[in-house]
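As structure tokens, the structure follows; a few thoughts come after it.
Number of protein chains: 2
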Amino acid sequence: MAADAAETTDAGGDGGETWADVSPEAARRLLLAAVDAFAERGFHATTTRDIAGRAGMSPAALYIHFRTKEELLYQISRVGHERSVRILTEASEVSEDPAERLASAVRTFVRWHAERHTTARVVQYELNALSPEHHEQIVELRRRTGAVMRGILEDGVAAGRFAVPDVPGTALALLSLCIDVARWFNPDGPRSPEQIGELYADLALRMVGAH
Amino acid sequence: MAADAAETTDAGGDGGETWADVSPEAARRLLLAAVDAFAERGFHATTTRDIAGRAGMSPAALYIHFRTKEELLYQISRVGHERSVRILTEASEVSEDPAERLASAVRTFVRWHAERHTTARVVQYELNALSPEHHEQIVELRRRTGAVMRGILEDGVAAGRFAVPDVPGTALALLSLCIDVARWFNPDGPRSPEQIGELYADLALRMVGAH
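Going down the list, the protein sequences come from chains A and B.
The numbering used here numbers the first residue of the first sequence as 202 and each following residue consecutively.
The numbering used here numbers the first residue of the second sequence as 202 and each following residue consecutively.
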């Protein structure tokens, strides 16, 4: 039981920080348990009974907070995407300088995907398990992420600081590079989230021909 | 039945080409069916009965060719990784010029991950479902992929053509960029595999400071 609690508290590798705003406490515990279960076995192989058990609750107690397993996935995806849009937006507003804005956005987005790799994997890989209505809401949040990155590149090009022949394609590639960190990142590997963030910020400036 | 056959024949979006060397025909059909099933529902939620049914066969007939569900996943991962190492290696040998080699490798690897996105997703996302022994074999194939990319960068640096402060990190980022195409690629989207390949080859040359 103590081991279970420690495991769920660390869901997504962020000590539960992503879910700090979720209340009540029981709902937060269920989301943390669902992230772990979906990451380990996939959405379709996970039952609400598995999730309730991981959270130390009964299936009946789960249904007070979430009507279906899909509702849990939707809340994980919504909270995860809203938070990632927010941190990307804030990171891109640190400066007026396009190069500093891009470096800050990439550094921050990479760190988020490394530190929250478990959550990020669930959010990225189980998108097709969402209901059509929920899927559309998440796609809208993803469009906002894309718009933030394109905005940084467009401002850099307009200021004569970046040379980018294909702004939408380059923005897509930059976000893809950051997001895929969640797939291969290993907390026991040789590089820390900060070090990967620094490396990728430099690569991003090269990709946009910053000068 | 006809619809099933069409669906499995198109597994991985490559018309089954990845599996052309697999024989007998029944084993190939089972691998194609397993790729589709794993991609749709995940490894853990798929049963050997599901896979046999998709291939139009009985579960007993499946066991003639594959002892376990994990054996199917292993063969998919092995064939997929061996093929991807081979195409990356061949693409990197088209020329003596480091820039041409890098552009060719990235262009080819991106196209492979776009065209075979279903197979690539299964191979990338279900790695942890492999047995420890099979996992180690696949990790070894992945090391070879990394070595090919690092070799191109090292040769470019040695020839004074690339400026790369961190060769292992940049090689990792380049491969990650190519592989993640499998996650977001949409055959109905605005960009063809060839167009993404061209864009990414240009971005790769920027990332290594080619001149």
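Note that CB positions come from ideal geometry on N, CA and C, so glycine has one too.
Any C-beta of chain E under 8 Å from that of residue i
i                      : result
residue 305 of chain B : No chain E appears in the structure shown, which is made up of the protein chains A and B.
Backbone secondary structure at residue i - three-state DSSP
i                      : result
residue 298 of chain A : coil
residue 314 of chain A : helix
residue 290 of chain A : helix
residue 268 of chain A : coil
residue 319 of chain A : helix
residue 249 of chain A : helix
residue 383 of chain A : helix
residue 282 of chain A : helix
residue 370 of chain A : helix
residue 242 of chain A : helix
residue 222 of chain B : coil
residue 411 of chain A : coil
residue 390 of chain A : coil
residue 259 of chain A : coil
residue 208 of chain A : Reliability fails at residue 208 of chain A, whose pLDDT of 34 lies under 50, so the model's placement of it is uncertain and no value is given.
residue 365 of chain A : coil
residue 236 of chain B : helix
Whether residue i touches residue j by CB criterion (8 Å)
i                      : j                      : result
residue 365 of chain A : residue 354 of chain A : yes
residue 431 of chain A : residue 402 of chain A : Beyond the ends of chain A as shown, which are 202 and 412, falls residue 431 of chain A; an answer cannot be given.
residue 299 of chain B : residue 357 of chain B : yes
residue 314 of chain A : residue 321 of chain A : yes
residue 287 of chain A : residue 296 of chain A : no
residue 232 of chain A : residue 263 of chain A : no
residue 200 of chain A : residue 290 of chain A : In the structure as shown, chain A starts at 202 and stops at 412, and residue 200 of chain A therefore has no counterpart that could be examined.
residue 375 of chain B : residue 331 of chain B : no
residue 407 of chain A : residue 407 of chain B : yes
residue 282 of chain A : residue 328 of chain A : no
residue 255 of chain A : residue 221 of chain A : no
residue 247 of chain A : residue 239 of chain A : yes
residue 400 of chain A : residue 237 of chain B : no
residue 394 of chain B : residue 344 of chain B : no
Selection from the options that minimises the alpha carbon distance to residue i
i                      : options                       : result
residue 324 of chain A : A:411, A:295, A:284 and A:303 : A:284
residue 226 of chain A : A:257, A:281, A:301 and A:242 : A:257
residue 333 of chain A : A:271, A:313 and A:247        : A:271
residue 338 of chain B : B:319, B:376, B:277 and B:397 : B:277
residue 372 of chain B : B:281, B:409, B:235 and B:238 : B:409
residue 380 of chain A : A:319, A:243, A:228 and A:239 : A:319
residue 347 of chain A : A:393, A:306, A:229 and A:224 : A:306
residue 382 of chain B : B:294, B:398 and B:367        : B:398
residue 260 of chain A : A:228, A:223 and A:243        : A:228
residue 369 of chain B : A:391, A:359 and A:369        : A:391
residue 280 of chain A : A:335, A:292 and A:386        : A:335
residue 405 of chain A : A:224, A:310, A:269 and A:241 : A:310
residue 243 of chain B : B:269, B:293, B:326 and B:267 : B:326
residue 223 of chain B : B:267, B:412 and B:396        : B:267
residue 359 of chain A : A:396, A:388, A:411 and A:386 : A:411
Could you give the uninterrupted runs of the alpha helix (DSSP H) lying entirely in the segment 325-363 of chain B, keeping only those of 4 residues or more? 333-359
Residues from the segment 368-385 of chain A in contact with chain B, defined by Cβ distance under 8 Å: 370, 371, 373, 374, 377, 378, 380, 381, 382, 384 and 385
When Cβ atoms are compared, which residues of the segment 238-254 of chain A fall closer than 9 Å to chain B? 241, 242, 243, 244, 245, 246 and 247
Mind listing which residues of the segment 251-283 of chain B have their C-beta closer than 8 Å to chain A's C-betas, in chain order? none
Interface residues of the segment 333-354 of chain B facing chain A [CB-CB below 9 Å]: none
Positions along the segment 396-412 of chain A whose CB lies within less than 7 Å of some CB in chain B: 400, 401, 404, 407, 408 and 410
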